[in-house]
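The sequence shown maps to residues 0 to 343 in numbering that gives the first Met the number 0.
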Amino acid sequence: MKKRALITGITGQDGSYLADFLVAKGYEVFGMLRRTSTDPLMRIVNLYEERKITLLSGNMRDACALERVIAEAKPDEIYNLAAQSDVGISFLCPEETFEINYYGVGRLVNAAMKENPSVRIYQASTSEMFGKTKPPQSESSPFHPVSPYGEAKQKAHDDYVVGYRNRHHLFICSGILFNHESPRRGKHFVTRKITHSLAKIEAGLQETLLLGNLEAKRDWGFAQDYVEAMWLMLQKDQPEDFVIATGESRTVREFFETAARLIGFKIRFEGKGQDEVAKDEKGKIILKIDPKYYRKAEVDSLLGDASKAYKELGWKPKTSFEELVRIMLEHDRDEVRAMAAKKR
Ligand code: NAP
Ligand code: F7E
């Protein structure tokens, strides 16, 4: 019989790649869809139209809906990817962030245990839980989150992953994933903002890219590589938590420089602090600093030590940093060219 998987957050970056992955593995895939005023199926339109997945209406804010979705999907495995995932927005909307990223997890695990106590659950935890902890960060590093997003995710990890595993013997794992990006990344996250904006600047459709803190360091991997690790965790005999990362860290500035080089801009930086700009070889300003994008509190440096995953899951990232930037740029150049052609 086909294994059944339920993905919350199926319309998001990771949910869409995970749905592709599980369909290819022969799973019967159910996805929870929340009501929005715009079309949320952008990333999963092919899977949906080819009837490879089943979508069920629900919301992390609604316990009754979660119970119904789980009763209909009857999953062997649940991947909880739904979240308010924007760290910057979590400072502006902390209650909403806690409602979905903490209380929502509680509603989901309680509904899941009621329906099937032996269900296996993946919880999308995050390197943001480490916050101020010095790099490299591994499963044994302490958590010091600095944003409402990081705090809500840590509390969900403590209470519903570690807590429910110990108290209720629930099979639940935290994937402590470091940043992972792709052409399906939302355009407000810094990597996609950079690749999409540079493609638009190249095409003459945008003047300048505005960014905040260029010195923050992140361990950036490719999202398509990371969803395999989520699945591998749920195939183990015992539930455990795993850091998933590349083990390489770069600044936002380095991401911008790599993308600019790959697209063919010869960049030089001028000025300091908020007045710093990057110009191309003709002296045109490509990048400016806009303090609006600074955060109230910043996570300065993330660098994951994923040696436990390498050893115990046999997982390794397949895509290099430069390859990731190239994949994102190529996609965005095609998207922008198509957009420009439509306008003509
Ligand atoms: P994403 O693209 O922002 O996707 C988030 C998903 O959650 C979307 O499908 C969204 O639905 C759904 N969602 C939001 N609020 C909901 C609600 N109230 N009820 C039901 N669904 C709701 O995020 P992602 O990058 O794929 O990340 C997936 C998960 O991994 C998230 O939990 C994130 O916090 C975590 N994570 C991500 C990274 C990373 O680098 N990407 C790293 C560590 C952890 P709509 O389409 O309707 O908005
Ligand atoms: O910011 C700096 C910003 O928003 C990265 C989420 O998937 O990964 C993601 O969270 C860095 C930060 O991702 C801009 O200050 C500079 O230092 O792309 P981001 P994030 O905050 O690291 C973690 C692991 C998650 O779990 C989250 O769900 O870039 N930065 N200038 C900027 N960031 C943005 N967004 N926009 C700027 O203009």
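All C-beta atoms, glycine included, are put in the ideal place defined by N, C-alpha and C.
Return the chain-ordered list of same chain residues with a C-beta closer than 8 Å to the C-beta of residue i, the five sequence neighbours on each side being excluded.
i, result
"I262", "L197, A198, E201, L328, R332"
"A222", "Q12, D13, Y16, H179, E180, S181, R183, R184"
"N212", "V251, Y292, Y293, R294, E297"
"Y159", "V104, G105, V108, Q122, I171"
"G220", "F177, N178, H179, E180, I243, A244, T245, P316, T318, L323"
Tell me, to the nearest whole angstrom, how far the beta carbon of residue i is from that of residue j; I am working on the premise that it is less than 8 Å.
i, j, result
"T216", "R249", "First, the amino acid is wrong: residue 216 is Lys here, not Thr. 7 Å between Cβ atoms; contact."
"D218", "L302", "5 Å"
"I285", "K278", "7 Å"
"K154", "Y225", "Between Y225 and K154 the Cβ distance is about 23 Å, and since that is not below 8 Å, they are no contact."
Going by beta carbon distance, what residues of the same chain come within less than 7 Å of residue i, once the five residues before and after it are set aside?
i, result
"K192", "K186"
"A62", "R106, A110"
"K1", "G25, Y26, E27"
"T10", "L32, P39, L40, R42, I43"
"S140", "F129, T132"
"P147", "S89, F90, P93, T96, F97"
"Q273", "I288, P290"
"E127", "V86, P144, S146, Y148, G149, K152, V298"
"R325", "L261"
DSSP on residue i, reduced to helix/strand/coil?
i, result
"N79", "strand"
"A244", "coil"
"K287", "strand"
"K216", "strand"
"Y345", "A query on residue 345 cannot be resolved here, the shown segment of the chain reaching from 0 to 343 and no further."
"T349", "As shown, the chain starts at 0 and ends at 343. That puts residue 349 outside it, with no answer to give."
"T190", "helix"
"I200", "helix"
"F20", "helix"
"T257", "helix"
"Q359", "Residue 359 lies beyond the residue range present for the chain, which begins at 0 and ends at 343; the question has no answer from this structure."
"R267", "strand"
"G174", "strand"
"E297", "coil"
"L5", "strand"
"G313", "coil"
"H179", "strand"
"L40", "coil"
"L323", "helix"
"I65", "Per the sequence shown, the amino acid found at residue 65 is Leu instead of Ile. Here L65 sits in helix by DSSP."
"Q12", "helix"
"K278", "strand"
"F90", "helix"
"G105", "helix"
"A249", "For the sequence presented, residue 249 should be read as Arg rather than Ala. Looking at R249 - three-state DSSP - the assignment turns out to be strand."
"M31", "strand"
For the candidate residues the options, whose alpha-carbon lies nearest to that of residue i?
i, options, result
"W230", "L312, K131, L213", "L312"
"T257", "E138, K317, E322", "E322"
"E76", "F320, N115, T207", "N115"
"L32", "A23, A72, L21", "A72"
"Q205", "R336, L55, N58", "R336"
"V104", "A123, V86, C92", "A123"
"D299", "T7, F264, P135", "P135"
"F255", "T245, G246, I266", "I266"
"R34", "Y225, L21, L54, A18", "L54"
"F320", "F241, G272, G149, E247", "E247"
"E253", "Y225, D240, T194", "T194"
"R166", "S36, M112, G8, L65", "M112"
"I316", "H330, Y101, A244", "Rather than Ile, the amino acid found at residue 316 in this sequence is Pro. It is A244."
"R119", "F188, E334, E214, P74", "P74"
"E275", "L209, Q237, I326, G162", "L209"
"E214", "K271, A339, R325, A340", "K271"
"R164", "E227, T125, S117", "S117"
"Q83", "L5, F188, A64", "F188"
"V46", "D236, D19, A339", "The residue you asked about is not Val; residue 46 is Leu in the sequence shown. Out of D236, D19, A339, D19 has the C-alpha closest to the C-alpha of L46."
"S306", "L5, E66, D240", "D240"
"K283", "K342, L169, T207, I175", "T207"
"Y78", "E227, F142, E48", "E227"
"Q237", "T37, L169, A339, M59", "L169"
"L65", "I99, H330, A339", "I99"
Verify the CB distance criterion: does residue i have a CB-CB separation below 9 Å to chain B?
i, result
"F221", "No chain B appears in the structure shown, which is made up of a single protein chain."
Enumerate in chain order the residues of its own chain whose CB-to-CB distance from residue i is below 6 Å, with the five nearest sequence positions on each side excluded.
i, result
"V68", "M31, L55, G57"
"S137", "V242, D304"
"V22", "V28, K51"
"G8", "G14, L80, A81"
"S173", "Q122, S124, H156, V160, D240"
"L5", "F29, A72, P74, I77"
"L233", "E76, R119, Y121"
Heavy atom of the ligand NAD less than 8 Å from the Cβ of residue i, yes or no?
i, result
"G211", "Of the ligands one can find in the structure shown, namely the ligand NAP and the ligand F7E, none is the ligand NAD."
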